[in-house]
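Residue numbers (the working numbering): 23 to 887.
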């Protein structure tokens, strides 16, 4: 291949890698990742990359699994030289390896480099891990087995002191090693790598930088000379390639000599690549002592392995000590093996070391602590040892150990904390197995955080989301500036959650799912409520040829599935949206209460882009509880706000049957205001409506044998009786529609809302650069034609660039001829103009995300200055 061809292939590989890391196809954005390549060159190469190549690139990484492993790594063992690569270095090293080798077609081995093994495995690359630490092997297998439900994860406990097993000899195409920075270890690691490699295989090895200590430069030269004498080839040395996080033991040691020490990566190494041309081993210089086999046992508490571990060298039992346990205080101040300290056989991950007199006693105490036994139970176990003569001696030994190690003092005594399995069992024990909905799998790989179950995580993600917070400044019915006490969408959502939870408790439904669904059910609302929603719907359908239009049910699922940003910018775990369970998304899409003349639930589902995760038919029972609660809440809130603003009279209320039913008592006393009477009777109205929905639903649910039946029942299983349903429809017709929706303040606000939403959306279509930078950065991940979100909308466009022909008349409210500083994107000489579908979707999503206050400010600044 010519030099030009080689350069193009390397750049192509780097572009695909950058795309999977960043999610963007913008040449200028990709340039940051492409080592000096210009946006112009990147643009040319992009034209040569097919969509299939882009999506099937070897670097499509399961970030979730890789990051889960990284953050669950056991607390580092200072005697095993455990410094972990930073996330950035993991990505960088994996990228270097894949640029030099076709790793998809090769077998790789990682010796003592578990984070690189995890990264490569997350790329679906054939990778084997060998590591001395049994806890790391266990953690690696647990996490990596969840990638595509892999049954066999190749990871084995291995001490480089031992010869490579026969099955690994000459079996690999490349090996990644990170030896301890001392010559005997270096030679041993490289020799084991040579043994495991096929001929012409490659070793990628970290190596200390020249100023690490006084003899490193000499040792580097010795290593290179040894490689040359053995017939191997040094391919390259890259300086400063790898950085390491600061482990707890190093933090403790350096903090003792520097009060201002900052816990940020400072240690780095160079990277060398070695081509192994034969099986010749390197010889250890006679001035160095060979390493010995490890006999270390590991101890940690369940769920706390990443925070603290203790280590016991069972081979070092010839330490003479007057005390049962003695602390080696100088050890806490050392980082380097060059520092001489007294002999020890017990140490911890927080850089404490001890010499103990009796290995059996120490091992028994550590084992009892690790298994969660209480102090009393541990003393009892100690007393059973042959070397312990009495209960009193056992207690004395325990107290001496605990005074030094503080194992129980720093942790709970006994197994107090509930496991996630226990939390799940207790939470679900109140659910009805035949009616409550179990969680389905999320779209993105995940694991339990150990203290919440799935629907609880959904609820919490919603509460902490940007979209949920914005509901506090989105209109319910009346403009919020009419009265500070008027309902906004956030208050309404909390009310729905309370009512729906009460319904759920009556039937053993999943309370966490109900809370999550209720809190999120209106998260898709635009500014100004239904007025903004209607304006966007008409604009998209009638003027922009997006036939699916806009409704807040569908957009609510868009928000939680694609548009929310918390997980989009985490390099180790990037995906769009909140990654909620399908059941919560179902609540959002199907909380519809469609009145005559509006879209029904079937047509909304038929036009939905979420049919891959949401079933057709009625919602599950928790979703139906949310729907019923929603209807009760907005009836009460509309009436309360209407009375507060004098839009509803006493005569209006008593003209409706609902306000004459027991236990409601709407008799006005002399001098009593209608508002105070309504507040007084609100509890009675809620009691009437809630008792009705629970009684009627009890009848309907008694006829259901299985929760699956509710999807095809033909009617809602949780709903009001025909009598109360008719009463509520009467209130809707006589008061909500006839009085409130026609109130001059509501009509005026709706007209203004329609204008603001429509014109601002059109403005942003013409000038996407005016959209908030942060929003555009998060949204750009959806811009590729391969994203499921844009595939849906691109079906309305045509041509390679997916464009829609738009009548230029809709842009004429803008003074295009006087715009300064922006490229004039609309040409009024043409009656129609091609507009990118993505620009329409971006503008639509941004405007829909705005609060009432924000859109008013933007409109005033950009349109009506």
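Just so it is clear, CB atoms sit at the ideal spot from N, CA and C, and this is done for glycine as well.
Remember, predicted model here, so these are calculated numbers, not experimental data.
Distance between residue 473 and residue 325, taken at the CA atoms: about 11 Å. Of all C-beta pairs linking the stretch 117-126 to the stretch 219-227, three or more are shorter than 8 Å, placing the two stretches in contact.
Across the structure, residue 126 and residue 449 are spaced so that their CA atoms are roughly 44 Å apart. By the CB criterion at 8 Å, residue 740 and residue 719 fall inside the cutoff. Taking a C-beta distance under 8 Å as the contact criterion, residue 613 and residue 579 do not qualify as a contact pair. If you draw a straight line from the Cα of residue 197 to the Cα of residue 180, it comes to about 15 Å. In the structure shown, residue 452 falls within a coil segment according to DSSP collapsed to helix, strand and coil. A direct Cα-to-Cα measurement between residue 806 and residue 47 gives close to 7 Å. Taking residue 853 as the centre and dropping the five residues before and after it, the same chain places the C-beta of 829, 830 closer than 7 Å to its C-beta, in chain order. Excluding residues up to 5 positions away in sequence, 133, 182, 186 lie with their Cβ nearer than 7 Å to the Cβ of residue 214 in the same chain.
Counted as a single uninterrupted DSSP element, the beta strand (DSSP E) harbouring residue 349 occupies residues 347-349.
Between the alpha carbons of residue 684 and residue 676 lies a distance of about 13 Å. With contacts defined by Cβ atoms closer than 8 Å, residue 328 and residue 321 do not form a contacting pair.
Annotation for residue 200: 134, 135, 228 place their beta carbon closer than 6 Å to its own, counting only its chain and skipping 5 residues before and after. Between the stretch 395-415 and the stretch 346-353, the count of Cβ pairs shorter than 8 Å is below three; the stretches do not touch. DSSP, reduced to helix, strand and coil, places residue 539 within a helical segment of the structure shown. When 406, 414, 427, 404 are compared, the shortest CA-CA separation from residue 373 is found for 427. Annotation: residue 195 is outside any alpha helix (DSSP H); the continuous beta strand (DSSP E) that includes it extends over 194-199. Per the Cβ contact rule, the stretch 231-243 is not in contact with the stretch 62-72 (fewer than 3 Cβ pairs under 8 Å). 8 Å or more divides the Cβ of residue 334 from the Cβ of residue 302.
If you keep only unbroken beta strand (DSSP E) runs of at least 3 residues inside the stretch 800-859, you get 825-829, 854-858. The shortest C-alpha to C-alpha distance from residue 862 to any of 886, 69, 871, 788 is the one to 788. Considering only 825, 663, 611, the residue with the shortest C-alpha distance to residue 640 is 611. In the three-state DSSP reduction, residue 673 falls in the helix class (H, G or I). For the pair residue 869 and residue 783, the CB atoms are nearer than the 8 Å cut-off. Inclusion of residue 875 and residue 750 in the CB contact set at 8 Å is not warranted, their separation being larger than that value. Judged by DSSP in its simplified three-state form, residue 295 adopts strand.
DSSP, reduced to helix, strand and coil, places residue 878 within a helical segment of the structure shown. For residue 335, the enclosing beta strand (DSSP E) has its first and last residue at 332-335.
Secondary structure of residue 641 (DSSP, three-state): coil. Taking C-beta atoms as the reference points, residue 454 and residue 603 fail to come closer than 8 Å. Along the stretch 205-258, the alpha helix (DSSP H) occurs as fully enclosed runs of 4 or more residues at 205-218, 238-251, listed in sequence order. CA-to-CA, the gap between residue 527 and residue 689 works out to about 33 Å. Spatial neighbours of residue 833 in its own chain (CB-CB distance under 7 Å, excluding positions within 5 residues in sequence) are listed in chain order as 784, 788, 848.
The DSSP-derived three-state label of residue 725 is coil.
Under DSSP, the beta-bridge partners assigned to residue 377 are 348.
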